[in-house]
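Sequence order for the protein chains is A and B.
Quick note, in this note's numbering, the first sequence goes up one by one and the last residue is 88.
Quick note, in this note's numbering, the second sequence goes up one by one and the last residue is 315.
Report on the following structure.
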Amino acid sequence: MLGAECPKPCKGKWPTPPFDPRFPNQNQTRNCYQNFLDYHRCMKTMNRRGKSTQPCEYYFRVYHSLCPISWVQRWKEQIKDGTFAGKI
Amino acid sequence: MAYPMQLGFQDATSPIMEELLHFHDHTLMIVFLISSLVLYIISLMLTTKLTHTSTMDAQEVETIWTILPAIILIMIALPSLRILYMMDEINNPSLTVKTMGHQWYWSYEYTDYEDLSFDSYMIPTSELKPGELRLLEVDNRVVLPMEMTVRMLISSEDVLPSWAVPSLGLKTDAIPGRLNQTTLMSTRPGLFYGQCSEICGSNHSFMPIVLELVPLKYFEKWSASML
Chain A
1 MLGAECPKPC
11 KGKWPTPPFD
21 PRFPNQNQTR
31 NCYQNFLDYH
41 RCMKTMNRRG
51 KSTQPCEYYF
61 RVYHSLCPIS
71 WVQRWKEQIK
81 DGTFAGKI
Chain B
89 MAYPMQLGFQ
99 DATSPIMEEL
109 LHFHDHTLMI
119 VFLISSLVLY
129 IISLMLTTKL
139 THTSTMDAQE
149 VETIWTILPA
159 IILIMIALPS
169 LRILYMMDEI
179 NNPSLTVKTM
189 GHQWYWSYEY
199 TDYEDLSFDS
209 YMIPTSELKP
219 GELRLLEVDN
229 RVVLPMEMTV
239 RMLISSEDVL
249 PSWAVPSLGL
259 KTDAIPGRLN
269 QTTLMSTRPG
279 LFYGQCSEIC
289 GSNHSFMPIV
299 LELVPLKYFE
309 KWSASML
């Protein structure tokens, strides 16, 4: 996961999530949550279709950079227990 | 950091703070001019024996003291809005650092690559070494690369503290369940101090913030040594 290259125009390693125009303001909560959801949805779809999960790495890098560790741990627990509120 | 008998702002470490300093000088000058003019006129009024009891109209002076304040307000508003928009400019950060407020300490997370996280507690007065600053020093400082745009994401695990570093012109509230973003850019290396800026319980005054801005090479060495 950590050897991921950054998207096309960039060269070298992943620096940090770029500016996302969907979330231009101070409140970045949704940016973190949306990328977390998108990663899990991408993994689920790719695995279901038997395709490579490489494109999902972008979402992983973004949520891993932006989301507080405690939030990610809590959501992972909830997913494991089946009590996660988001649609994956 | 702050020093005894301080009257003005701390020296600016970021471009935005420099702008704010100059804006403050400009606005305070206007305030002093108006105040001294008003005080002078009041002193004139109170020290004259002349009287005039038959004022009928004062069209000219009324016009002047309506138009002139409007112009002064515009002269304050335009630089203010310029700085406001400058703070919201889209910049591409090179690093993301998260800080979580707790009762009563800050914890920092650097997760762009590996998971680096640590807590930052104030050093109690009884354990200060000579030369260290009372109520301002911490055990683990926030080491950051200088002259690079850093995205700071601020949140909280329990109460509502506020993460502030005056010399960089930063103050952002930490709210549980919400991720507030601010941008940090330091023009020089050094230690920059701040204190919790929102009442959050009994030790609100004892959870300071210390940023250690260093060249990129030292930052990379430090982060490798912390893992």
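All C-beta atoms in this analysis are idealised placements derived from N, C-alpha and C, irrespective of residue type, glycine included.
Values in this document were obtained by computation on a predicted structure and should not be read as measured data.
Under 8 Å between C-beta atoms of A/F90 and A/Y39: Given a span of 1 to 88 for chain A in the structure shown, any question on residue 90 of chain A remains unanswerable.
Exposed or buried, which one is B/L134 when buried takes at least 16 other CB atoms within 10 Å? exposed
Using only alpha-carbon positions, find the residue among A/Q26, A/M43, A/K51 and A/Y58 that is nearest to B/Y201. A/Y58
Could you give the DSSP three-state label for B/T270: helix, strand or coil? strand
For A/H64, does the count of other Cβ atoms within 10 angstroms reach 16, so buried, or fall short, so exposed? A/H64 should be labelled buried.
Note down, in chain order, each residue of its chain lying with its Cβ closer than 6 Å to the Cβ of B/E245, except the 5 sequence neighbours on either side. Contacts found: M188 and H190.
If you measure beta-carbon to beta-carbon, which residues of the stretch 195-220 of chain B are closer than 8 Å to chain A? So the list reads E197, T199, D200, Y201, E202, D203 and S205, given in the order they occur along the chain.
What does B/Q147 touch in chain A if you count any residue whose Cβ is under 8 Å from its own? Correct list: empty, because the minimum Cβ distance to chain A is about 48 Å.
Given a threshold of 16 other Cβ atoms within 10 Å of its Cβ, counted over all protein chains shown, does A/Q28 qualify as buried or as exposed? buried
Taking all protein chains shown into account, do 16 or more other C-beta atoms lie within 10 angstroms of the C-beta of B/K309, making it buried, or fewer, making it exposed? exposed
What are the partner residues of B/K259, as DSSP defines its beta bridges? B/A252
Helix, strand or coil at B/V247 [DSSP, three-state]: Of the three classes helix, strand and coil, the one that applies to B/V247 here is coil, per DSSP.
Suppose contacts are defined by Cβ-Cβ distances below 8 Å. Is A/R41 in contact with A/I88 by that definition? The criterion of a C-beta distance shorter than 8 Å is satisfied by A/R41 and A/I88.
Give the secondary structure of B/Y209 by DSSP, where H, G and I count as helix, E and B as strand, and everything else as coil. Coil.
Whole-angstrom distance between A/L66 and A/K76, CA atom to CA atom: 16 Å
What does A/Q78 reach in chain B if we use C-beta pairs closer than 8 Å? Within 8 Å Cβ-Cβ: nothing; A/Q78 doesn't reach chain B, min ~15 Å.
Does the stretch 232-244 of chain B come within contact of the stretch 295-313 of chain B, defined as at least 3 CB pairs closer than 8 Å? yes
Where A/V72 and A/I79 are concerned, what is the direct C-alpha to C-alpha distance, given to the nearest angstrom? 10 Å
Starting from B/H190 and walking both ways along the alpha helix (DSSP H), at which residues does that stretch end? Per DSSP, B/H190 is not a residue of any alpha helix (DSSP H); the beta strand (DSSP E) it occupies stretches across L183 to H190.
Who are B/E197's beta bridge partners in DSSP? Paired residues: B/K186 and B/S205.
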